[in-house]
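Okay, structure first, notes after.
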Amino acid sequence: MTRRVVDLAFGRSGDKGNVSNISVIARTPEAYQTLKAILTPERVKAHLGELVQGRVVRYELDNIEALNFVCYDALDGGGTRSLRIDPLGKSLAGAVLYMELD
Amino acid sequence: MTLRIGSAEGFYGDNVLSALPMITGRHVDVVCFEALAELTLAILQKDKLKDPSRGYTFDLALIAQKILPEAFARNIPLISNGGGLNPVGAAQMIHETATKLGLKGLKIAAITGDDVMPRLEELHEKGETFPHIETGNPLNVSEYPIANANVYMGAQPIVEALKNGANMIVTGRVADPCLYLAPMIWRYGWSWEDWDKLASGIIAGHLLECTAQVVGGNSLAVIDTLDARDLSKLGYPIAHVEADGSFTLTKTPNTGGIVTVNTVKEQLLYEIHDPANYITPDVIADFTTLSLTQDGENRVKVANVTGKPRPEKLKLNFGRLEGYMRELIFTVGYPHAWQKLDQLKTMISETWANLPIQRTEYHLLGIDSLFGGLAPRPTDPLELVVRVMFTAKDETTLKTAVRLLMGNGLSGAAGMSISGTTIGADPRIILGLFPTLINRDHIQPSITYWEV
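Going line by line, the protein sequences match chains H and E. Letter by letter, the first sequence follows residues 8 to 109 in my numbering. Letter by letter, the second sequence follows residues 9 to 460 in my numbering.
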């Protein structure tokens with residue numbers, strides 16, 4: 008069976024203007040080490056494809072075993088400019104949790 | 009003694025009556041209502057243009073009617089930034105309501121100074137060029153009509169109003185977590201340069217400011233443990249803050265919901281960028297040193313927060329009227345669904361060829377509307393639901409576009425259908441944000457009081 012990020016983590020996404028931030032919160036300390044190694048910003052950017060037009064920056068929070076991905080130009084203009092059905096990107100965390108681990 | 013801060017509003021339209029069980033059960037010492045998302049002020053501007061006495065959130069009328077009498081009777085101050093573009097108008101409305109309710113001795117404070125719309129020329133002369141926070145390009149005032157221009161202010165004027173005995177405080181654009189920081193400074197007398205304590209207060213505010221989202225709402229962490237029946241009646245959050253800045257996050261007792269280390273982590277990282285530099289008007293908070301501990305059922309202790317000196321500049325958001333958008337939803341089914349979709353797209357582009365439509369986007373609901381190209385495309389689907397979104401600078405163009413398209417209704421793809429409610433809908437305004445920074449010295453908050 009395909010192993011995905013969701014098996015190791017949960018997360019939530021939010022918006023500021025045209026920027027989406029996606030948290031990936033590890034379920035265990037071991038999962039955090041695995042996620043840190045696998046979820047490079049380059050891989051996340053490549054996975055999200057057309058959804059994120061700008062750069063992806065990764066921040067690490069070792070104290071709470073979580074990663075924060077800040078995705079620029081990711082909401083089709085953001086807020087009420089966006090023509091997407093999810094203009095605030097509330098569901099975008101799901102896209103990262105869908106990533107395959109292997 | 010611990011200061012207990014309740015949070016009963018996280019956006020304009022939230023369930024503010026969640027404040028009542030906090031207050032009547034005497035579970036809080038102060039309640040804050042955070043009503044302003046990034047674009048709320050631009051939306052309030054539309055109300056104000058229709059009626060200059062408006063421009064504040066409707067929720068304040070409900071707060072004044074139903075919550076203020078209970079809070080005043082128990083000496084629990086209420087703080088709201090729902091004054092929006094018209095804190096003075098909001099205070100006058102509250103004063104009128106409180107007078108009718110006979111709340112003798114009640115003191116209302118209105119905090120203004122964030123609205124720089126009338127001062128743009130003066131600020132420009134003082135050297136402000138309003139460069140975009142991301143691109144650095146200066147604001148072009150003639151590009152789009154400006155709906156509003158509001159600066160994110162800090163906690164200071166709220167602290168002063170509390171010191172002066174205000175029972176109900178309404179503000180304009182005070183930064184969300186600063187609403188919650190204010191009563192802590194008032195109670196404990198923290199120095200404005202005690203960065204670690206201020207940062208801890210800001211993080212408490214950040215965890216409280218989205219109400220339900222820290223007690224099981226919008227949560228993947230507790231999707232398997234929270235009873236779905238709770239979601240319609242979550243008990244909103246309360247922070248118990250100590251004099252040293254550490255705090256325990258909990259919720260209104262005897263209500264639905266759950267507070268765990270994981271629900272706190274989810275909200276901690278909600279809508280933040282660099283966790284070591286969470287910038288607010290009063291302090292830069294660092295999320296990377298703090299510790300979280302489950303301290304009993306529905307209690308999470310937050311400690312060891314650190315902070316850095318406040319930023320030199322304040323954030324200023326312009327809201328601009330950039331145009332209008334319209335939505336239509338079509339369905340096509342088996343057989344040849346993909347071919348029918350192509351027919352529909354071609355018919356639309358031909359029909360609108362001579363109209364000044366700016367953008368047209370097609371999203372397939374259930375296939376690619378959330379995650380774009382991540383999803384596999386079915387080869388020969390039984391149904392396709394396509395959401396067509398299109399924009400123009402003016403409403404008339406969009407209305408003409410729909411009328412022309414409906415005229416071709418019987419010429420459409422075989423078995424094509426359109427969602428009736430989308431045909432009759434009105435164009436929606438496109439409000440764009442233009443964020444910039446402004447010198448702190450150029451912003452002077454002021455407070456006006458009313459007594460009943």
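Don't be surprised by glycine CBs; every beta carbon is placed ideally from N, CA and C.
- Spatial neighbours of L68/H in its own chain (CB-CB distance under 8 Å, excluding positions within 5 residues in sequence) are listed in chain order as L74 and N75.
- Interface annotation, L58/H: in contact with chain E, CB-CB separation under 8 Å.
- Apart from the 5 residues on each side of it in sequence, L324/E sits with its Cβ closer than 6 Å to the Cβ of V159, T444 and I446 in its chain, given in chain order.
- Among the residues of chain H, those whose CB is under 9 Å from the CB of E46/E are D22, K23, G24, G85 and G86, following chain order.
- Rounded to the nearest whole angstrom, the C-alpha separation of L372/E and T430/E is 16 Å.
- Sequence-distant partners of I116/E (beyond 5 residues in either direction) whose C-beta falls short of 6 Å from its own C-beta, in its chain, are A99, I102, H103, M176 and W458.
- Between the region 220–230 of chain E and the region 271–280 of chain E there are three or more C-beta pairs closer than 8 Å, enough to call the two in contact.
- The shortest CA-to-CA distance from D122/E to any of T179/E, E78/E and A81/E is the one to T179/E.
- Between the region 103–114 of chain E and the region 65–85 of chain E, the count of C-beta pairs closer than 8 Å reaches three or more; the two stretches touch.
- Below the 8 Å Cβ cutoff, chain E contributes no neighbours of A38/H, its closest Cβ being approximately 13 Å away.
- Collapsing the DSSP output to three states places V167/E in a helix.
- Below 8 Å, too few C-beta pairs join the region 47–57 of chain E and the region 285–293 of chain E to call them touching: fewer than three.
- Checking the DSSP bridge columns, you'll see I13/E partnered with V38/E and A247/E.
- Under the three-state reduction of DSSP, L234/E is assigned to coil, being neither helix nor strand.
- Bounds of the alpha helix (DSSP H) holding I211/E are W203 to L216.
- Residues of chain H whose Cβ lies closer than 8 Å to the Cβ of K323/E do not exist, since the nearest Cβ in that chain is about 11 Å away.
- Minimum Cα-Cα distance from K401/E among the listed residues S425/E, Q366/E, G374/E and I141/E corresponds to Q366/E.
- The contact set of R334/E on chain H, defined by CB atoms closer than 9 Å, is empty, because the minimum CB distance reaches about 10 Å.
- Take S377/E, set aside five residues on each side of it, and the residues of its chain with a beta-carbon closer than 7 Å to its own are H371 and R395, in chain order.
- In the DSSP assignment, N270/E falls within the alpha helix (DSSP H) that extends over V269 to L276.
- Below the 8 Å Cβ cutoff, chain H contributes R88 as neighbours of E330/E, in chain order.
- In the three-state DSSP reduction, Q60/H falls in the coil class, being neither helix nor strand.
- Across the structure, T296/E and L189/E are spaced so that their CA atoms are roughly 20 Å apart.
- Put simply, the CB of A102/H is near chain E, with a gap under 8 Å to one of its CB atoms.
- The region 80–94 of chain H makes no contact with the region 184–199 of chain E; the number of CB pairs closer than 8 Å stays below 3.
- Beta-bridge analysis with DSSP links R50/H to no other residue.
- Within 8 Å of the CB of L68/H, the CB atoms of chain E belong to L277, P283, F295 and T296, in sequence order along the chain.
- Taking C-beta separations shorter than 8 Å and ignoring five residues to either side along the sequence, the partners of D303/E in its chain run T256 and K309, following chain order.
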